[in-house]
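Numbering that gives the first Met the number 0 applies: residue 0 is where the sequence shown begins, and numbers increase by one. Cβ coordinates follow ideal geometry from the N, Cα and C atoms, glycine included. Data first, discussion second: the structure below is written as structure tokens.
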Amino acid sequence: MNHAGFTRDQDPSADYGDLSRVQVRYVHDENPQKQFTLEVLDGKGPLVVALNGLINANLGEEYDEPLLDGYAKVYVNNGIKAFERHTPADGKAFLNYAVDQRFYFDFQGEQVSPEVFWEFQKILDPSSLSL
């Protein structure tokens, strides 16, 4: 998949034993230092309790906290409650959100902003996932 100037760097990896998850890495077409990894966890079956704990821990109360080198916040964007952290000084960005209390999306990037992750979020269709 190619979107927003990024191309998938390698085939998705799904070999994690009993844990239903898939991981894929994207690299910017013109600047390979701009890259990110997307990991999707599927909380169906016995993992539902563990995944719900992760969701509740990371996506609890909304806040917006300035950091010395960026910010961290939990807020609602496009109808999705998400954790977002961006530290431009070290080029790191993170975005985590859940869909249907089942799928947990974890973006981690270098030399990118969270806006890139939100662009990908717009085209991801959790109903098409068959993990």
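Report the residue from ASP68, PHE119, ASP8, ALA88 whose alpha carbon sits nearest the alpha carbon of LEU94. Numbered from its first residue, the sequence shown carries residue 94 at position 95. Here the closest residue by C-alpha is PHE119.
Start and end residues, beta strand (DSSP E) containing ASN95: Taking the first residue of the sequence shown as 1, we reach residue 95 at position 96. ASN95 -> beta strand (DSSP E) spans 91-98.
Are PHE82 and ASN51 touching if we call contact CB-CB under 7 Å? Against the sequence shown, residue 82 aligns to sequence position 83. Against the sequence shown, residue 51 aligns to sequence position 52. No; because the gap between Cβ atoms is not below 7 Å, this pair is not in contact.
According to DSSP, is GLU61 helix, strand or coil? Here the question's residue 61 lines up with position 62 in the sequence shown. In the structure shown, GLU61 sits in coil (DSSP, three-state: anything other than H, G, I, E or B).
So what's LEU40 in DSSP terms, helix, strand or just coil? The count along the sequence shown starts at 1 and reaches residue 40 at position 41. In the structure shown, LEU40 sits in a strand (DSSP, three-state: E or B).
Check whether the stretch 64-79 touches the stretch 37-45, taking contact to mean three or more Cβ pairs, one atom from each stretch, closer than 8 Å. These segments do not touch.
Consult DSSP for LYS121 and reduce its assignment to one of helix, strand or coil. Counting from one through the sequence shown, the residue named residue 121 turns up at place 122. It is helical.
Taking its Cβ as the centre, do 16 or more other Cβ atoms sit within 10 Å of ALA92, making it buried, or is it exposed? For this step, residue 92 is matched to residue 93 along the sequence shown. ALA92 should be labelled buried.
Hey, PHE104 and LEU37 are a contact pair by Cβ (cut 8 Å); roughly how many whole angstroms apart? In the sequence shown, residue 104 corresponds to position 105, counting from 1. In the sequence shown, residue 37 corresponds to position 38, counting from 1. With 8 Å as the limit, PHE104 and LEU37 qualify as a contact, their Cβ atoms being about 7 Å apart.
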